[in-house]
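**Q** Heads up: the sequence lines are chains D and R, in that order. With the numbering used here applied, the first sequence corresponds to residues 1 to 255, in that order. With the numbering used here applied, the second sequence corresponds to residues 256 to 485, in that order. All C-beta atoms, glycine included, are put in the ideal place defined by N, C-alpha and C.
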Amino acid sequence: MTAARTLPLGTWLRVFARLFAVQGGYNYEVMIGNGIAYAAEPAFRLLPGGRDGAAYHAALARHSRYFNSHPYLAALAVGALVRAELDGEDPARIERFRTACCGPLGAAGDRLIWAGWLPFCSALGLLAFGAGLRAAGVVAVFVGVFNLGHIALRAWGLRAGYREGLQVAAALASPLLRKSPLHVARGTALVAGAALPLVLQRLGAVREWGATSLVVELALATALAAGLARWQGRIDGWRVGVGLLVIFVLYSVVR
Amino acid sequence: MIELTTLAGITLLGAVLGLDMVSFPQAMLSRPIVGSTLAGALCGNTAAGLLVGILLECFALETMPFGASRYPEWGPASVAAGVLAAVPAGTDGSSRIAPFAVLAGLAAAMLAGRTLVWLRQFNAREAARHRDAIAAGDASAIVGLQWTGIIVDFGRAGAVTALLVVVLVPVRNMVLAQSGAGGATAVLFAAVVSVGVGGGAFWKVVHNTRGYGWWMLAGLLMGLGVMVAR
Numbered sequence: 001m002t003a004a005r006t007l008p009l010g011t012w013l014r015v016f017a018r019l020f021a022v023q024g025g026y027n028y029e030v031m032i033g034n035g036i037a038y039a040a041e042p043a044f045r046l047l048p049g050g051r052d053g054a055a056y057h058a059a060l061a062r063h064s065r066y067f068n069s070h071p072y073l074a075a076l077a078v079g080a081l082v083r084a085e086l087d088g089e090d091p092a093r094i095e096r097f098r099t100a101c102c103g104p105l106g107a108a109g110d111r112l113i114w115a116g117w118l119p120f121c122s123a124l125g126l127l128a129f130g131a132g133l134r135a136a137g138v139v140a141v142f143v144g145v146f147n148l149g150h151i152a153l154r155a156w157g158l159r160a161g162y163r164e165g166l167q168v169a170a171a172l173a174s175p176l177l178r179k180s181p182l183h184v185a186r187g188t189a190l191v192a193g194a195a196l197p198l199v200l201q202r203l204g205a206v207r208e209w210g211a212t213s214l215v216v217e218l219a220l221a222t223a224l225a226a227g228l229a230r231w232q233g234r235i236d237g238w239r240v241g242v243g244l245l246v247i248f249v250l251y252s253v254v255r
Numbered sequence: 256m257i258e259l260t261t262l263a264g265i266t267l268l269g270a271v272l273g274l275d276m277v278s279f280p281q282a283m284l285s286r287p288i289v290g291s292t293l294a295g296a297l298c299g300n301t302a303a304g305l306l307v308g309i310l311l312e313c314f315a316l317e318t319m320p321f322g323a324s325r326y327p328e329w330g331p332a333s334v335a336a337g338v339l340a341a342v343p344a345g346t347d348g349s350s351r352i353a354p355f356a357v358l359a360g361l362a363a364a365m366l367a368g369r370t371l372v373w374l375r376q377f378n379a380r381e382a383a384r385h386r387d388a389i390a391a392g393d394a395s396a397i398v399g400l401q402w403t404g405i406i407v408d409f410g411r412a413g414a415v416t417a418l419l420v421v422v423l424v425p426v427r428n429m430v431l432a433q434s435g436a437g438g439a440t441a442v443l444f445a446a447v448v449s450v451g452v453g454g455g456a457f458w459k460v461v462h463n464t465r466g467y468g469w470w471m472l473a474g475l476l477m478g479l480g481v482m483v484a485r
């Protein structure tokens, strides 16, 4: 593989900014396919002939077809596809790559973000609340920490994708994607364990019945959580929660 | 009652947060912990918004947007729930209405999720309308489709937020007028249910991780230690 040509800073920034809108045209026909073409378009202007060239239009047409992946890790695909087009790779090979990388990028992103980083940051936000931070502090902890990871992941993905080109499978095997879900999950378990009792304690600040009731509340919440964990797959926690809240609201209104 | 200027601000907030959920920039501003708190701040009662945001966040952990699954739309729903808790309601009104605000937020998230499906169907129709231009690599068609989706999503989220607030605030006032529950009881009930659901959701996320139980136990002991030390 030849060394990647250096992209102008303005092109990098335009592609990177457009990655945040990669799902803007999301639909059930091509999923984020149009978004991939939209994000990569500033880099395709560097193809022979510029915006009027056949290569530019052919690349845009190719990349606006069906594509699906986790939106954050779409950066990895966009980087790789930009590199492939600028290197003049065989279109058939590019097409095979697009088809092959949808599944792995979706699965890796779901595991890393939706089942990892987001729950961890939610737990951190809850812990910040339980620790007594004011509203601005709670929001800043949640939004700030989440987006440190979010923006860094998109930037890493774009760089790694462009560096590796169609050999980007090596980037998918990087420690960031392989090992971090494990560490994040452990962190989530630790932070969530600490956060939930503290949340109950702070919400109980309006309590009129003293410390005994906090023990009862903790026991009830733990029993509910344990029950939901025990029957996972058979019942959805939110449905149970909704049912309990409906009963409470109706009871408080009709009694 | 909500003043028109406040309603306009709430609608704008809902539009921005709804846009964040899928189209741009997915910075998780649409999560209840953020949306309800900001809505509370707009209505002059940040603490009430935060309270409902924390409770709803525990539920939101149950419904992550895996793959191409259909999921609740938290942006406008979080804003509406925050408004329900934060609009002035006399002594301990915000606490008394907390379970209803959470319930309404959950129902609103499910309904708003349906409008995301409509948006995607609209985007598909737009894509079909410009199919030839897109297939020819016409940049203006590709950029136009993307921007149309973003603008329509912004309008959708704003309209959903305004509708939710206009419909739910009078219902909330009726519930508040009829409810015999005290503020402390209402908050505690909602807190126990939400923390229980949140605990179950966290367990789902981490239970395939080796040694997760020890990590959770260590966290629990730390949390209980802090509780006792206070």
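(1) By a C-beta neighbour count over all protein chains shown, 10 Å radius and 16 as the cutoff for buried, is P354 of chain R buried or exposed?
(2) Check N27 of chain D in the structure and name its three-state DSSP category.
(3) Anyone know if the C-beta pair for L214 of chain D and A131 of chain D falls short of 9 Å?
(4) Return the chain-ordered ranges of every alpha helix (DSSP H) run that is complete within the segment 341–396 of chain R and spans a minimum of 4 residues.
(5) For a quick check, are the C-beta atoms of G330 of chain R and A456 of chain R less than 9 Å apart?
(6) Just how far apart, CA to CA, sit R93 of chain D and T318 of chain R?
(7) Would you identify the three-state DSSP class for I257 of chain R, choosing helix, strand or coil?
(8) Please classify I405 of chain R: does DSSP put it in a helix, a strand, or coil?
(9) Nearest to R111 of chain D by alpha carbon, out of D:V240, D:L177 and D:L228?
(10) Check whether the Cβ atoms of A195 of chain D and L126 of chain D sit closer than 9 Å, and answer yes or no.
(11) Let me make sure I understand the geometry here. Which of D:A4, D:G204 and D:A100 has the alpha-carbon closest to that of G79 of chain D?
(12) Would P327 of chain R be called buried (16 or more neighbouring beta carbons within 10 Å of its own) or exposed?
(13) Is there a Cβ from chain R that is less than 9 Å from the Cβ of L46 of chain D?
(14) Between D:G25, D:G137 and D:Y162, which lies nearest to L7 of chain D when the distance is taken from Cα to Cα?
(15) Which class does V206 of chain D belong to by DSSP, given the choice of helix, strand or coil?
(16) Could you check whether the Cβ of S449 of chain R sits closer than 9 Å to any Cβ belonging to chain D?
(17) Got a sec: which bits of the segment 457–472 of chain R sit with their beta carbon under 9 Å from any beta carbon on chain D, in order along the chain?
(18) So, at 7 Å on beta carbons, what are the nonlocal neighbours of P320 of chain R in its own chain, with the 5 sequence-adjacent residues on each side left out?
(19) Thinking C-beta only, is A37 of chain D closer than 9 Å to H63 of chain D?
(20) Ignoring anything shorter than 4 residues, give me the alpha helix (DSSP H) runs that lie fully in the segment 69–155 of chain D, in order along the chain.
(21) Determine, for A131 of chain D, whether the minimum Cβ-Cβ distance to residues of chain R falls below 9 Å.
(22) Where D90 of chain D and L46 of chain D are concerned, what is the direct C-alpha to C-alpha distance, given to the nearest angstrom?
(23) Shorter than 9 Å from the beta carbon of P331 of chain R to some beta carbon of chain D?
(24) Measure the beta-carbon distance from S333 of chain R to P280 of chain R and round it to whole angstroms, keeping in mind my assumption that it falls under 8 Å.
(25) Compare the Cα-Cα distances from A123 of chain D to each of R:L423, R:V460 and R:T440 and report the closest residue.
(26) For A436 of chain R and S252 of chain D, which I take to be in contact (beta-carbon distance under 8 Å), what is that distance rounded to the nearest angstrom?
(27) For the segment 175–191 of chain D against the segment 416–425 of chain R, are there 3 or more C-beta pairs whose distance is under 8 Å?
(28) Please report the residue range of the alpha helix (DSSP H) in which S293 of chain D lies.
(29) Can you confirm whether I389 of chain R, when its beta carbon is compared against all beta carbons of chain D, has any partner nearer than 9 Å?
**A** Let me lay it out:
(1) buried
(2) strand
(3) no
(4) 348–351, 353–384 and 386–390
(5) no
(6) 37 Å
(7) coil
(8) helix
(9) D:L177
(10) yes
(11) D:A4
(12) buried
(13) no
(14) D:Y162
(15) With a pLDDT of only 49 at V206 of chain D, under the threshold of 50, the placement of this residue in the model should not be trusted, and no figure is reported.
(16) yes
(17) F457, W458, K459, V460, V461, H462, N463, T464, R465, G466, Y467, G468, W469, W470, M471 and L472
(18) Y326
(19) yes
(20) 74–86, 91–109 and 118–130
(21) yes
(22) 17 Å
(23) no
(24) That pair is no contact at about 17 Å.
(25) R:V460
(26) 4 Å
(27) no
(28) The first residue shown for chain D is 1 and the last is 255, placing residue 293 of chain D beyond what the model contains.
(29) yes
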